[in-house]
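Read in order, the letters of the sequence shown are residues 511 to 750 in the working numbering.
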Amino acid sequence: MMRFDRRVVVITGAAGQIGSACVEGFGREGARIAALDLEPPAAGDLAIAADLSDPAQLECALGRVERELGPPDVLVHCAAVYARIGFLDITPQNIDRVFAINVRAMLLAGRAVAASLVARGAPGAIVNLTSVSDHVADAESVAYEASKGAVTMATRGMAVALAPHGIRVNAVGPGSMAKFQELEPRDPFDLDDYERRRIPLGRLGTAGDVTRAVLFLASDDAAYVTGTVLYVDGGSLAAW
């Protein structure tokens, strides 16, 4: 039996490495998929081009989902901006762009989907994409790290706020990822010594690894799981 048969699933950042894998994964599980991105993939049932940093475009896109596919049951927020800029070089524009996509769009999309679920008296699930960067600092990506810390805490707050309505909110935190073209795990001996020492399982993660975690948290298999972050990192946080 398919876990998401006929359920409407909204995936933001659907053209990215993880987003596109999620589109494929939910599709295999029978979902009706709305794929949102600046240039969304053709896969899925409804592709919507939108700049999610613009609240008006985000609202319009979600309204179109309701009209053309039906009210959403699941939201997966994959959309993210990664800015590798030295701390002394960051500008207000850099910060605003990162937070507009990684945090504000996540909150506004979550609010809209949750409001629809509450109005219908329906249970649902929201899965946000955070990162091991909510725990581990890199001098060249301070704004990104701050945004992912915000995603993690917002996920917990949303979970508490929406639990009385039967809406679960969780997050997946990927660790170091292989290139999108690398669909299968790499041979550990292809990694350099630093990567092998840092990742106990001895390989980089794949989009498929992350997608399977997202599918679990969005499904009824995780019916008693909310307010948590599932780190898909090969054990790197444990060994840091």
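In this text, a Cβ means the ideal position worked out from N, Cα and C, and glycines have one as well.
Worksheet item: So what's LEU727 in DSSP terms, helix, strand or just coil?
Response: To locate residue 727, count along the sequence shown from 1; it is residue 217. In this structure, LEU727 counts as helix in the three-state DSSP scheme.
Worksheet item: When you compare only the Cα positions, how much space is there between GLU569 and GLY712?
Response: Taking the sequence shown and counting its residues from 1, the one referred to as residue 569 is at position 59. Taking the sequence shown and counting its residues from 1, the one referred to as residue 712 is at position 202. Rounded to the nearest angstrom, the two C-alpha atoms are 42 Å apart.
Worksheet item: Using the beta-carbon count (16 or more within 10 Å), is VAL670 buried or exposed?
Response: Taking the sequence shown and counting its residues from 1, the one referred to as residue 670 is at position 160. Looking at its Cβ environment, which holds fewer than 16 other Cβ atoms inside 10 Å, VAL670 is exposed.
Worksheet item: Roughly how many angstroms separate the alpha carbons of GLY497 and PRO551, rounded to a whole number?
Response: This structure cannot speak to residue 497, because the chain is shown only from 511 to 750.
Worksheet item: By DSSP, does ALA525 sit in helix, in strand, or in coil?
Response: For the purposes of this step, residue 525 is taken as the residue at position 15 of the sequence shown. ALA525: coil per DSSP, three-state reduction.
Fill in: Residues of its chain near GLU539, where Cβ-Cβ distance is below 6 Å and the 5 sequence neighbours each way are ignored
Locating residue 539 in the sequence shown gives position 29, counting from the first residue. Excluding residues within five positions, the ones whose Cβ falls inside 6 Å are MET512, ARG513, PHE514.
Discussion item. Excluding the 5 residues flanking THR662 on each side, which residues of the same chain have their C-beta closer than 7 Å to its C-beta?
Written reply: Within the sequence shown, the letter at position 152 stands for residue 662. Only THR640, ASP644, ALA681, VAL739 meet the Cβ criterion.
Item to complete: Over the uninterrupted beta strand (DSSP E) stretch that includes TYR592, give me the two end residues.
Response: One-based indexing of the sequence shown puts residue 592 at position 82. It is not in any beta strand (DSSP E) - TYR592 carries neither H nor E in the DSSP assignment.
Worksheet item: Does DSSP classify ILE753 as helix, strand or coil?
Response: Since the displayed the chain opens at 511 and closes at 750, residue 753 lies outside it and no answer follows.
Item to complete: Could you check what DSSP says for LEU639 in three-state terms: helix, strand or coil?
Response: Position 129 of the sequence shown holds residue 639. DSSP places LEU639 in strand when its eight states are reduced to three.
Item to complete: Please list, in chain order, all residues of the same chain as VAL608 whose beta carbon is under 7 Å from its beta carbon, the five residues on each side excluded.
Response: Within the sequence shown, the letter at position 98 stands for residue 608. VAL591, ALA593, ALA653, TYR654, SER657.
Practice prompt. Measuring alpha carbon to alpha carbon, tell me which of LEU548, GLY523, GLY554 ends up nearest GLY535.
Written response: Position 25 of the sequence shown holds residue 535. When only C-alpha atoms are compared, the closest one is GLY554.
Discussion item. Assuming contact is defined by CB atoms lying nearer than 7 Å, are VAL724 and VAL637 in contact in what I supplied?
Written reply: Residue numbering aside, residue 724 sits at position 214 when the sequence shown is read from its first letter. Residue numbering aside, residue 637 sits at position 127 when the sequence shown is read from its first letter. In this structure, VAL637 lies closer than 7 Å to VAL724 by Cβ.
Item to complete: Name the one or two DSSP bridge partners that GLY634 has.
Response: To locate residue 634, count along the sequence shown from 1; it is residue 124. ILE677.
Worksheet item: Straight-line CA distance for ILE751 to VAL584?
Response: A question about residue 751 goes unanswered here, because the residues of the chain that appear run from 511 up to 750.
Discussion item. Quick check on the DSSP output: the beta strand (DSSP E) that includes VAL739 runs from which residue to which?
Written reply: Residue numbering aside, residue 739 sits at position 229 when the sequence shown is read from its first letter. Its beta strand (DSSP E) spans residues 739-742.
Worksheet entry | Beta-carbon gap between SER746 and ARG708 smaller than 7 Å | Numbered from 1 along the sequence shown, position 236 holds the residue referred to as residue 746. Numbered from 1 along the sequence shown, position 198 holds the residue referred to as residue 708. Cβ distance < 7 Å, so SER746 and ARG708 count as in contact.
Discussion item. Rounded to whole angstroms, what is the Cα-Cα separation between LEU598 and ARG577?
Written reply: Within the sequence shown, the letter at position 88 stands for residue 598. Within the sequence shown, the letter at position 67 stands for residue 577. Going from the Cα of LEU598 to the Cα of ARG577 covers about 46 Å.
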